[in-house]
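Under our numbering, the first residue of the sequence shown is numbered 585, with each subsequent residue one higher. Glycine included, each C-beta is placed from N, C-alpha and C at the ideal position. All figures in this text were calculated on a predicted structure; none of them were measured in a lab.
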Amino acid sequence: MQQRVANLKKEVLEMLRNGNCHPSSKMSMIDAIERLGIAYHFEEEISEVLEQIYGAQLETKDLHMVALRFRLLRQEGHNISADNYVFIFTKKLFREKLFPSETVLHTTKRTLSSDVKGLLSLYEVGYLAKHGEAILDKAITFCKNHLKAKLNHVEPEVAMQIAHALEIPLYRRVKRLEAREYITIYERLEGRNDQLLELAKLDFNLVQALHQEEIKNISSRTFIFVHFSLSSGSTILRWWKELGLTTRLTFARDRLVECYLWILAIYFEPSLSQARVMGTKVLGLASLLDDIYDSFGTLEELEVFTEILRGWEAHPSEQLPECLNIYLITLINAVKELEEELAKDGHQYRAHFLRQEIAKAAMAYLEEAKWSNEGYVPPFEVHLGVILISALFQTITCGCFLGLGEIATSEAFDWLASFPKILKASTVIGRLMNDIASYEREKKQDHVASSIECYMKEYGTTFEDARGKLQEMIEDGWKDINRESLEPTKLPMPLLMPSLNLARASVTFYRSEFDGYTDSSQAIKDHITLLFTQSIPIN
């Protein structure tokens, strides 16, 4: 299998480097490569091709190709303008064709609405909009309406593509899940590239085997239907089982596989295994910390607990229940073990930043516990400032940065600690989606006020109005991410990807206003099965 993959990679490289291949064909190939999850093999070649396309004139008025070019270049970080873009994206022609005035013949609009491929491409482009690009917001609405109307009037293969796009737009999908699902779609498309398809299938299975190796020796979680062969190597779940925390913290959620899925959404590539493993360990420990403040300790106990945690001294306290002492000692020792592992590469300084992030999260949790204890509903902005820390996105990103190579410099950790705009935007998306998804469940419990409740009280609105405001903030967050991802960026793109990918993971876990992390028995169970237990049949 490895040799076949190597041969296929050579063939794909030759296609990408073929100077006689038309730019439109290369763009279609790059789009397929990215959606099939194999772009990490060809990053340099893809960048070179897109650089050439960026500098060349696109001699076509085909909506699909114009929109595809725009999307590929923006995804690559090129700061191209929707207003000044050639053909369709010039303001005059774009508005006349897509949104004709009363004085313009409506035949143009009808012609455009019949171009399903173009509509799909334009629809996907809309989700890469920055602030001030209202034309792309309108494009989403226009395309969505026409695509919905066509669902029952097109071939099954086309209907599948439309339904897939309308469920979650491409730019907001977790890459690994998109690869698995798109392989099924691509296999049924006319004009598919069979070499790309075969490479995608083989590569998916090979990478899946690595992911299985990282999470093997699973506990009694009933939704995993495969037994992995064991080796002497250390794995995440073996480490988790040996910690024994979930048997001591019986009130806490045992969600390590879900934690791994969150981290896999950030970095799935084989070369980033250490970042994935360390990130999962950090998130697993931090998730238990969340449950301690949320579901167990009294306010007095939590104040003592927080003070000990901030000092990072592994000494039990008589003022705390045994389970909290055990957690503190385990957490402190676990971070120490990570520090010792990092020291092998001279990266032990990174553990200092992790301790800072965990302590910040604990302080935010304590503030929430005080509000809950007092029955206090804070002003919306005050509440938001605290929950953006307790959302753990900084902590998760720090955990992933631990296992990166030399690219994760001390300056990168300083940047992370400053809560940069792109990460804050991602956190707004994740936290507010979480609050919307968990509102009904938490309303029935003795729980700290959510952002929805804070907004409703401060502004005297209904739930629907408050939810609408949060959804507006979520969309603004996406536009902030889109802007911060364009060149020139403050950091290399691999260090910006966690912010974008955490937002994507939030869409997966909290879609349809359902908390898939707390209750993973539905869609998340299916995702876990799809990614970790079902290999792709190879003909």
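The way I'd put it, the stretch 782–794 doesn't touch the stretch 630–642; fewer than three beta-carbon pairs between them come closer than 8 Å. Taking 8 Å as the cut-off, the Cβ atoms of R760 and L856 do not count as close. Taking G1100 as reference, the option from L845, K728, E660 with the minimal CA-CA separation is L845. Around the CB of T882, fewer than 16 other CB atoms lie within 10 Å, so the residue is classed as exposed. In the structure shown, H748 falls within a helical segment according to DSSP collapsed to helix, strand and coil.
For S705, the three-state secondary structure derived from DSSP is helix. DSSP, read as helix, strand or coil, puts T1073 in coil. Of the candidates Q779, A749, Y851, Y851 places its Cα closest to the Cα of H795. Only residues of its own chain outside the window of five on either side were considered, and among them V1012, I1013, L1016, M1017 have a CB closer than 8 Å to the CB of I1058, listed in chain order. If the five residues before and after A743 are omitted, its C-beta is found closer than 7 Å to the C-beta atoms of L735, all from its own chain and listed in chain order. Annotation: the continuous alpha helix (DSSP H) that includes M613 extends over 607–619. E797: member of the alpha helix (DSSP H) spanning 778–799, first to last residue.
Where Y770 is concerned, the enclosing alpha helix (DSSP H) starts and stops at 759–770.
The beta carbon of I910 is closer than 6 Å to those of R832 in its chain, skipping five residues each way along the sequence.
By the Cβ rule, the stretch 884–894 counts as touching the stretch 938–949, because three or more pairs are nearer than 8 Å. The beta-carbon separation of D721 and L656, rounded to 21 Å, does not stay under the 8 Å limit for a contact. Rounded to the nearest whole angstrom, the C-alpha separation of V709 and S612 is 15 Å.
With a threshold of 16 other beta carbon atoms within 10 Å, Q1118 falls short and is exposed.
The beta carbons of H715 and R1067 sit closer together than 8 Å. The C-alpha of M599 lies about 11 Å from the C-alpha of L592.
Positions of the beta strand (DSSP E) runs, each at least 3 residues long and wholly inside the stretch 950–984, cannot be given because no such run exists. A distance below 7 Å between beta-carbons, with the five flanking residues on each side excluded, links I973 to the following residues of its chain, in chain order: K944, A945, A948.
The beta carbon of L620 sits closer than 7 Å to those of A763, Y766, I767, Y770, L780, A784, all from its chain and outside the five residues before and after it, given in chain order.
Contact annotation, E660 with S705: C-beta distance approximately 16 Å; criterion of less than 8 Å not satisfied. Residue L1000 holds the alpha-carbon nearest to the alpha-carbon of L1079 among K825, L1000, Q586. For N909, the enclosing alpha helix (DSSP H) covers residues 906–927.
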